[in-house]
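Participant: This is the structure I want to talk about, given as structure tokens.
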Amino acid sequence: EMPGKDIITHVHHNALTEQRAHFTNEYGRLASHILFCEFIDNACKALLQSAVLQQPQQVNLPAIEVHLIFSKEHPYLLKHIAVFDAGPGMTEETMVGWSHFASPASQRESANKGAAELRKENEVRKPPFQAGGELGFFGKGSKAAGFYYGECVTVVTKTAGRTEKTRELRMDMKVMDVAGHNWQHNQIQDRKQGRDAILSLSHWRDLHDEKDKSLLALLERADRHSTYSLFIISRIRKKVAEELPHHAVQSVASELRDVYYVY
Numbered sequence: 000e001m002p003g004k005d006i007i008t009h010v011h012h013n014a015l016t017e018q019r020a021h022f023t024n025e026y027g028r029l030a031s032h033i034l035f036c037e038f039i040d041n042a043c044k045a046l047l048q049s050a051v052l053q054q055p056q057q058v059n060l061p062a063i064e065v066h067l068i069f070s071k072e073h074p075y076l077l078k079h080i081a082v083f084d085a086g087p088g089m090t091e092e093t094m095v096g097w098s099h100f101a102s103p104a105s106q107r108e109s110a111n112k113g114a115a116e117l118r119k120e121n122e123v124r125k126p127p128f129q130a131g132g133e134l135g136f137f138g139k140g141s142k143a144a145g146f147y148y149g150e151c152v153t154v155v156t157k158t159a160g161r162t163e164k165t166r167e168l169r170m171d172m173k174v175m176d177v178a179g180h181n182w183q184h185n186q187i188q189d190r191k192q193g194r195d196a197i198l199s200l201s202h203w204r205d206l207h208d209e210k211d212k213s214l215l216a217l218l219e220r221a222d223r224h225s226t227y228s229l230f231i232i233s234r235i236r237k238k239v240a241e242e243l244p245h246h247a248v249q250s251v252a253s254e255l256r257d258v259y260y261v262y
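Numbering follows my numbering, with no gaps: position 243 of the sequence shown is 242.
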């Protein structure tokens with residue numbers, strides 16, 4: 000045989016970051032109006048996993064917040080999307096699993112306390128609505144949904160027993176462009192809590208100069224919780240901004256209400 004040449008097959012980051020063609024607008028509904036559900040379902044799952052471990056004690060689940068942050072000046076464009084829950088937070092192992100491209104849900108669940116118990120309960124209970132805490136119910140995953148909305152997705156979280164520590168993981172398309180074949184390398188950053196600690200991270204320093212301090216205020220408020228998860232999507236894509244104008248917020252809220260309405 001003639002000598003061959005070994006090669007390494009590299010996956011371009013566009014496989015993760017370019018998601019527009021992977022989602023379709025169906026039945027008169029825009030994908031940009033309902034893909035929040037990918038993040039909401041993840042939050043439901045985390046909250047319900049935590050709750051199922053505390054049974055038979057009665058547990059009141061905290062609210063899940065969806066924030067659309069617009070510029071303060073005309074034409075009031077969408078700048079950030081944030082989804083917050085005061086649930087158990089994400090461990091380092093869970094964050095690593097979340098960051099993996101096309102990682103099977105079954106593998107990610109192994110790192111989550113309560114995942115097996117919740118799955119068994121759902122099999123018996125058969126929830127009639129999408130808020131049953133079934134990861135991936137909407138089929139694509141929060142990373143894909145995040146990059147559908149914008150060019151940068153940041154996870155901010157705190158778990159129990161981590162005194163004065165918050166974890167952050169940022170997936171940025173611009174950074175991936177510069178990294179080339181090494182785009183899959185990333186870092187989970189630890190920081191203390193409060194405004195100074197937030198602004199000490201290079202990716203949040205611009206918040207100090209923004210006229211609107213809404214996102215900075217949300218980060219500060221999140222830090223005051225003992226445990227939480229906060230997903231932030233930034234550098235919103237032009238088409239998404241056009242589909243989510245500030246005057247459409249109420250109609251989007253109505254669509255999400257219909258998705259999660261309990262029959």
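Virtual Cβ for every residue (Gly too), placed ideally from N, Cα, C.
In its own chain, which residues sit with a C-beta less than 7 angstroms from the C-beta of H9, not counting the 5 before and 5 after it?
Facilitator: H180.
Participant: Which runs of the alpha helix (DSSP H) fall wholly inside the stretch 169-213 and span at least 4 residues, in chain order?
Facilitator: 172-178, 194-198
Participant: If I232 and V152 are in contact, beta carbons under 8 angstroms, what's the gap, nearest whole angstrom?
Facilitator: 6 angstroms
Participant: Ignore the nearest five residues each way along the sequence and tell me which others in P55's own chain have a CB closer than 6 angstroms to its CB.
Facilitator: The pLDDT assigned to P55 is 49, lower than 50, so where the model puts this residue is not dependable; a value taken from the coordinates is nonetheless given after this. Here the set comprises nothing.
Participant: Note down the Cα distance separating H12 from E91, rounded to an integer number of angstroms.
Facilitator: 23 angstroms
Participant: Given a threshold of 16 other Cβ atoms within 10 Å of its Cβ, counted over all protein chains shown, does Y148 qualify as buried or as exposed?
Facilitator: buried
Participant: Since D84 sits in a beta bridge, which residues does DSSP pair it with?
Facilitator: I63, S228
Participant: Return the CA-CA distance between M175 and G145, expressed in angstroms with no decimal places.
Facilitator: 15 angstroms
Participant: Within the continuous alpha helix (DSSP H) that includes E254, where are the two ends?
Facilitator: 248-258
Participant: Which residues does DSSP list as the beta-bridge partners of T156?
Facilitator: R166, S228
Participant: So what does I33 bridge to, in DSSP terms?
Facilitator: Answer is none; I33 lacks a bridge partner.
Participant: Could you please give the first and the last residue of the uninterrupted alpha helix (DSSP H) stretch that includes S98?
Facilitator: Looking at the DSSP string, the run of the alpha helix (DSSP H) that includes S98 is 91-98.
Participant: Which residues in the same chain as Q18 place their Cβ atom closer than 6 angstroms to its Cβ, once the five residues preceding and following it in sequence are excluded?
Facilitator: Exclusion of the five residues before and after Q18 leaves A143, F146, Y147 as the residues of its chain whose Cβ lies within less than 6 angstroms of its Cβ.
Participant: Would you decide whether A288 is buried or exposed? Buried here means 16 or more other CB atoms lie within 10 Å of its CB.
Facilitator: A question about residue 288 goes unanswered here, because the residues of the chain that appear run from 0 up to 262.
Participant: According to DSSP, is H11 helix, strand or coil?
Facilitator: coil
Participant: Going by DSSP, which residues form a beta bridge with C43?
Facilitator: Answer by DSSP bridge pairing: none, since C43 is not bridged.
Participant: On the premise that H32 lies in contact with E241, defined as a C-beta separation below 8 angstroms, what is that separation, rounded to the nearest angstrom?
Facilitator: About 12 angstroms; that fails the 8 angstroms criterion.
Participant: Which residues in the same chain as Q57 place their Cβ atom closer than 7 angstroms to its Cβ, once the five residues preceding and following it in sequence are excluded?
Facilitator: Residue placement at Q57 cannot be trusted, given a pLDDT of 49 that sits under 50; what the coordinates show is reported in the next sentence. So no residue of the chain qualifies.
Participant: Assuming A81 and L243 make a contact with CB atoms under 8 angstroms, what is their CB distance in whole Å?
Facilitator: The Cβ separation is near 13 angstroms, so there is no contact.
Participant: If we ignore side chains and look at the alpha-carbon of each, how far apart do T93 and K71 end up?
Facilitator: Take the alpha-carbon of T93 and the one of K71: they are about 36 angstroms apart.
Participant: Taking the beta carbon of G88 as the centre, do at least 16 other beta carbons fall within 10 Å, making it buried, or is it exposed?
Facilitator: buried
Participant: Please list the terminal residues of the continuous alpha helix (DSSP H) segment that includes E241.
Facilitator: 237-242
Participant: With a 10 Å radius around its C-beta and 16 neighbouring C-beta atoms as the bar for buried, classify H73 as buried or exposed.
Facilitator: exposed
Participant: Since I believe A45 is in contact with G86 (beta carbons under 8 angstroms), could you give me their beta-carbon distance rounded to a whole number of angstroms?
Facilitator: 4 angstroms
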